[in-house]
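A.B. asks: Sharing a structure with you now.
Protein chains: 2
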Amino acid sequence: MIEVKIGNGMAVTDPHVAQTECADCPIRHRAVCARCETDELDQLEAIKYYRTYDAGQTVIWSGDRMDFVASVIEGIATLSQTMEDGRTQMVGLLLPSDFVGRPGRETAAYDVVATTALTMCCFRKKPFEELMIRTPHIGQRLLEMTLDELDAAREWMLLLGRKTAREKIASLLAIIARRDATLKLSSPRGRIVFDLPLTREAMADYLGLTLETVSRQISALKRDGVIVLEGKRHVTVPDFDRLLGETGDDNDGGMLV
Amino acid sequence: MIEVKIGNGMAVTDPHVAQTECADCPIRHRAVCARCETDELDQLEAIKYYRTYDAGQTVIWSGDRMDFVASVIEGIATLSQTMEDGRTQMVGLLLPSDFVGRPGRETAAYDVVATTALTMCCFRKKPFEELMIRTPHIGQRLLEMTLDELDAAREWMLLLGRKTAREKIASLLAIIARRDATLKLSSPRGRIVFDLPLTREAMADYLGLTLETVSRQISALKRDGVIVLEGKRHVTVPDFDRLLGETGDDNDGGMLV
DNA sequence: CGTCCAGTTGATGCTGTTCAAAATCCGTGG
DNA sequence: CCACGGATTTTGAACAGCATCAACTGGACG
Numbered sequence: 001m002i003e004v005k006i007g008n009g010m011a012v013t014d015p016h017v018a019q020t021e022c023a024d025c026p027i028r029h030r031a032v033c034a035r036c037e038t039d040e041l042d043q044l045e046a047i048k049y050y051r052t053y054d055a056g057q058t059v060i061w062s063g064d065r066m067d068f069v070a071s072v073i074e075g076i077a078t079l080s081q082t083m084e085d086g087r088t089q090m091v092g093l094l095l096p097s098d099f100v101g102r103p104g105r106e107t108a109a110y111d112v113v114a115t116t117a118l119t120m121c122c123f124r125k126k127p128f129e130e131l132m133i134r135t136p137h138i139g140q141r142l143l144e145m146t147l148d149e150l151d152a153a154r155e156w157m158l159l160l161g162r163k164t165a166r167e168k169i170a171s172l173l174a175i176i177a178r179r180d181a182t183l184k185l186s187s188p189r190g191r192i193v194f195d196l197p198l199t200r201e202a203m204a205d206y207l208g209l210t211l212e213t214v215s216r217q218i219s220a221l222k223r224d225g226v227i228v229l230e231g232k233r234h235v236t237v238p239d240f241d242r243l244l245g246e247t248g249d250d251n252d253g254g255m256l257v
Numbered sequence: 001m002i003e004v005k006i007g008n009g010m011a012v013t014d015p016h017v018a019q020t021e022c023a024d025c026p027i028r029h030r031a032v033c034a035r036c037e038t039d040e041l042d043q044l045e046a047i048k049y050y051r052t053y054d055a056g057q058t059v060i061w062s063g064d065r066m067d068f069v070a071s072v073i074e075g076i077a078t079l080s081q082t083m084e085d086g087r088t089q090m091v092g093l094l095l096p097s098d099f100v101g102r103p104g105r106e107t108a109a110y111d112v113v114a115t116t117a118l119t120m121c122c123f124r125k126k127p128f129e130e131l132m133i134r135t136p137h138i139g140q141r142l143l144e145m146t147l148d149e150l151d152a153a154r155e156w157m158l159l160l161g162r163k164t165a166r167e168k169i170a171s172l173l174a175i176i177a178r179r180d181a182t183l184k185l186s187s188p189r190g191r192i193v194f195d196l197p198l199t200r201e202a203m204a205d206y207l208g209l210t211l212e213t214v215s216r217q218i219s220a221l222k223r224d225g226v227i228v229l230e231g232k233r234h235v236t237v238p239d240f241d242r243l244l245g246e247t248g249d250d251n252d253g254g255m256l257v
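First to last, the sequence lines map onto chains A and B. In terms of UniProt numbering, the first sequence opens at residue 1 and continues consecutively. In terms of UniProt numbering, the second sequence opens at residue 1 and continues consecutively.
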């Protein structure tokens, strides 16, 4: 893969590197383009370009001018807010198919950081906005995705405001486990195995805790047999229902669709 | 005003009571109908009906079937989530022009409770959804409003996860002061006076605190001269910038638009 | 082999919770 | 008009959970 260094140290893939055809795109049916017909897809195809980032790279700083919107194709990024004195709170986890940026806004409202190697499908904002007016399918899908994100944000508000440290950790593990299971098209039940995509510090920023507390609670869950660790990142959950029982949520359905 | 009792004890205004014409509606240019042309407005007018609730009444319970969506016309309502053991977290404050309900969802995801006397402009969900497909202006406006709510939710996540009790109280007071100023079309500066629309308990549920802590911190802010209280609910802020300084946010612009 | 980084563990203290009681407010009825 | 009762709010005292500061461990890498 060819990389070029630009301005602020961002490494981006050479724009001439081959992009996946929309038709073959792994997130084709889940991203903002999900409802588009073939002709609408052609128009998107015309204005799209790929960009890749290394793990740890900052995609955009809060307050910076942002002249594109994008879909995450592969990898994980985080959305976070930082106070002057350095306290930071993660406000979103961006997974494949998630949308970044806001039509109609000039500057980024949050820091976006690549947690793993990241590939994004970008659209310059102006053409994208114009396209949105012409093709309602994009706006419809974006509304649907935004409503889902709002629900997720509100779920997270409950976690931040009312859950104990142990419940917070269990909830995060359950969410990651669930997402992993979704990718494998299996519904989470019984024994589950996955890798943590986040450092202890990132988890702390997500959960509104300190990294020490995260570490302690993970150790406690390990001690109690709720999880088994191999290395620091590889997690085995022997009994998913047991984990759910630790989240404080309703054990049944849980999670809005 | 004529009230009738129905089923679960909800008091609703007799549907034959006069409704405001959309053209004269106080939230005409801010609600979900903001972008509608006259003919589109006529279609909305045809399917709308008003409903009123008394202060303290539950508008809808989480999990209940919800066959309408609505705009708040007057009054304040809260959106909240409750865990089995009773811990509750408010996840939204609904003010005039705010939208309630989600197109495409069968059941309510949150409890909605009227904090003050409340008037809502309701639309049966089915016709509203059909109308949304025909008139892009509604979906466009709803997208805009949902994106704003998502920003507000994320702002709140920072508050819940990282702010101290004192900062939380100051932030809430600042938000209410700002909203009040907006209604009076004045930008908040210097001396500000307003009434708290929430009980200490509701504030606690909003801020992820206990009501005792809320009370203590309000007393502390009073002791320090940041606010002056007359009675329990009437607040005077002698110096709005001083209050902002207590929120922990950037002192300048603060708050996304 | 030494350094660096992520993570773990320990000791201590502060912030906010919990439980309890007193104070204030407010509507109701004598 | 005043007394009463319930709801709301304030205040106090003791406690718990998580943060803070600090030392240590283990693995990756030059």
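Where is the CB? At the ideal position from N, CA and C, for every residue including glycine.
Nearest by alpha-carbon distance to A:Leu-173: which of A:Leu-94, A:Ala-77 and A:His-234 is it?
C.D. replies: Minimum Cα distance to A:Leu-173 is reached at A:His-234.
A.B. asks: So B:Val-112 contacts chain A; which residues on that side make the cut at Cβ distance below 8 Å?
C.D. replies: Residues of chain A passing the Cβ test: none, with the nearest at roughly 13 Å.
A.B. asks: Decide if A:Ala-202 is buried, meaning its Cβ has at least 16 other Cβ atoms within 10 Å, or exposed.
C.D. replies: Answer is buried; the Cβ neighbour count reaches 16.
A.B. asks: Taking only the alpha-carbon atoms, compute the straight-line gap between A:Glu-45 and A:Tyr-206 and give it to the nearest angstrom.
C.D. replies: Rounded to the nearest angstrom, the two C-alpha atoms are 34 Å apart.
A.B. asks: If we require 4 or more residues per run, which alpha helix (DSSP H) segments fall completely within the UniProt domain "Cyclic nucleotide-binding" (32-149) of chain A?
C.D. replies: Fully enclosed alpha helix (DSSP H) runs of 4 or longer: 38-47 and 125-134.
A.B. asks: Under 7 Å, CB to CB, which of the residues in the region 146-176 of chain A have a partner in chain B?
C.D. replies: Of all residues in the region 146-176 of chain A, Thr-146, Leu-147, Glu-149, Leu-150, Asp-151, Ala-153, Arg-154, Trp-156, Met-157, Leu-158, Leu-160, Gly-161 and Arg-162 have a Cβ within less than 7 Å of some Cβ in chain B.
A.B. asks: Between B:Arg-87 and chain A, is any beta-carbon pair separated by less than 7 Å?
C.D. replies: With 7 Å as the cut-off, B:Arg-87 counts as an interface residue toward chain A.
A.B. asks: Counting only runs of 3+ residues fully inside the UniProt domain "HTH crp-type" (163-241) of chain B, write out the beta strand (DSSP E) ranges in chain order.
C.D. replies: Listed in chain order, the complete beta strand (DSSP E) runs (minimum 3 residues) inside the UniProt domain "HTH crp-type" (163-241) of chain B are 192-195, 228-230 and 234-237.
A.B. asks: For a contact meaning CB atoms closer than 7 Å, what does A:Glu-84 contact in chain B?
C.D. replies: What A:Glu-84 touches in chain B: Asp-250.
A.B. asks: Below 8 Å on the Cβ atoms is my contact criterion, and I expect A:Met-132 with A:Pro-96 to pass it. Report the Cβ-Cβ distance as a whole number of Å.
C.D. replies: A:Met-132 to A:Pro-96, Cβ: 22 Å. No contact.
A.B. asks: Suppose contacts are defined by Cβ-Cβ distances below 7 Å. Is B:His-137 in contact with B:Cys-36 by that definition?
C.D. replies: A contact, by the Cβ cut-off of 7 Å.
A.B. asks: How should A:Lys-125 be labelled, buried or exposed, when 16 other C-beta atoms within 10 angstroms of its C-beta is the threshold for buried?
C.D. replies: So A:Lys-125 ends up on the buried side.
A.B. asks: Enumerate in chain order the residues of its own chain whose CB-to-CB distance from A:Thr-116 is below 8 Å, with the five nearest sequence positions on each side excluded.
C.D. replies: Excluding residues within five positions, the ones whose Cβ falls inside 8 Å are Ala-55, Gly-75, Ile-76 and Pro-197.
A.B. asks: A:Pro-197 touches chain B at which residues, Cβ-Cβ below 7 Å?
C.D. replies: Those within 7 Å of A:Pro-197 in chain B number zero; the least Cβ separation is about 20 Å.
A.B. asks: Going by the beta-carbon positions, is the gap between B:Ala-165 and B:Thr-213 smaller than 7 Å?
C.D. replies: Cβ distance < 7 Å, so B:Ala-165 and B:Thr-213 count as in contact.
A.B. asks: How many angstroms separate the CA atom of A:Arg-216 from the CA atom of A:Trp-156?
C.D. replies: Taking the straight line joining both Cα atoms gives about 21 Å.
A.B. asks: What is the rounded straight-line gap between the Cα of B:Pro-238 and the Cα of B:Gly-208?
C.D. replies: When rounded, the distance between both Cα atoms is 27 Å.
A.B. asks: For a contact defined as C-beta to C-beta under 7 Å, what are the partners of B:Leu-143 on chain A?
C.D. replies: Chain A residues near B:Leu-143: Gly-139, Leu-142, Leu-143 and Thr-146.
A.B. asks: Answer with buried or exposed for A:Gly-225, where buried requires no fewer than 16 other C-beta atoms within 10 angstroms of its C-beta.
C.D. replies: A:Gly-225 comes out exposed.
A.B. asks: By Cβ distance below 8 Å, which residues in the same chain neighbour B:Glu-230 in space, the five residues on each side in sequence not counted?
C.D. replies: These residues qualify, in order along the chain: Thr-236.
A.B. asks: Between the Cα of A:Pro-188 and the Cα atoms of A:Gly-161, A:Ala-153 and A:Asp-241, which residue gives the shortest distance?
C.D. replies: Measuring from the Cα of A:Pro-188, the nearest candidate turns out to be A:Asp-241.
A.B. asks: Report the option in B:Arg-134, B:Arg-30, B:Ile-60 and B:Ile-218 whose CA atom is closest to the CA atom of B:Thr-182.
C.D. replies: If we check each option's Cα against that of B:Thr-182, B:Arg-30 comes out closest.
A.B. asks: Report, in whole angstroms, the separation of the C-beta atoms of A:Lys-51 and A:Met-145, which I expect to be a contact under 8 Å.
C.D. replies: Strictly speaking, residue 51 of chain A in this sequence is Arg, with Lys absent from that position. With 8 Å as the limit, A:Arg-51 and A:Met-145 do not qualify as a contact, their Cβ atoms being about 20 Å apart.
A.B. asks: Which of helix, strand or coil does DSSP assign to B:Cys-25?
C.D. replies: The answer is coil: DSSP assigns B:Cys-25 none of H, G, I, E or B.
A.B. asks: Give every residue of the same chain whose Cβ lies closer than 6 Å to the Cβ of A:Gly-63, excluding the five residues on either side of it in the sequence, and list them in chain order.
C.D. replies: Only Thr-107 meet the Cβ criterion.
A.B. asks: Does the beta-carbon of B:Thr-135 have 16 or more other beta-carbons within 10 angstroms, so that it is buried, or is it exposed?
C.D. replies: So B:Thr-135 counts as buried.
A.B. asks: State yes or no: is the beta carbon of A:Gly-208 nearer than 7 Å to at least one beta carbon in chain B?
C.D. replies: Answer yes: the Cβ-Cβ gap between A:Gly-208 and chain B drops below 7 Å somewhere.
A.B. asks: Is the Cβ-Cβ distance between B:Leu-79 and B:Val-112 less than 7 Å?
C.D. replies: Contact flag set, yes.
A.B. asks: Return the residue from the list A:Phe-194, A:Arg-179, A:Gly-101 and A:Met-83 that minimises the CA-CA distance to A:Val-228.
C.D. replies: For A:Val-228, the nearest C-alpha among the options comes from A:Phe-194.
A.B. asks: Beta-carbon within less than 6 Å of A:Gln-89's beta-carbon, same chain only, minus the 5 sequence neighbours each way: which residues are those?
C.D. replies: These residues qualify, in order along the chain: Gln-81.
A.B. asks: Distance, Cα to Cα, A:Asp-249 vs A:Arg-223?
C.D. replies: Cα to Cα, A:Asp-249 sits roughly 22 Å from A:Arg-223.
A.B. asks: When the Cα of A:Lys-232 is compared with those of A:Ser-219, A:Leu-243 and A:Gly-161, which residue comes out closest?
C.D. replies: It is A:Ser-219.
A.B. asks: Would A:Glu-40 count as contacting chain B if we go by Cβ distances under 7 Å?
C.D. replies: No, A:Glu-40 does not count as interfacial toward chain B.
A.B. asks: Roughly how many angstroms lie between the CA atoms of A:Phe-128 and A:Gln-43, to the nearest whole one?
C.D. replies: Their Cα atoms are separated by approximately 10 Å.
A.B. asks: Does the beta carbon of A:Pro-127 come closer than 7 Å to any beta carbon on chain B?
C.D. replies: Chain B, which has no Cβ nearer than 7 Å to the Cβ of A:Pro-127, makes this no.
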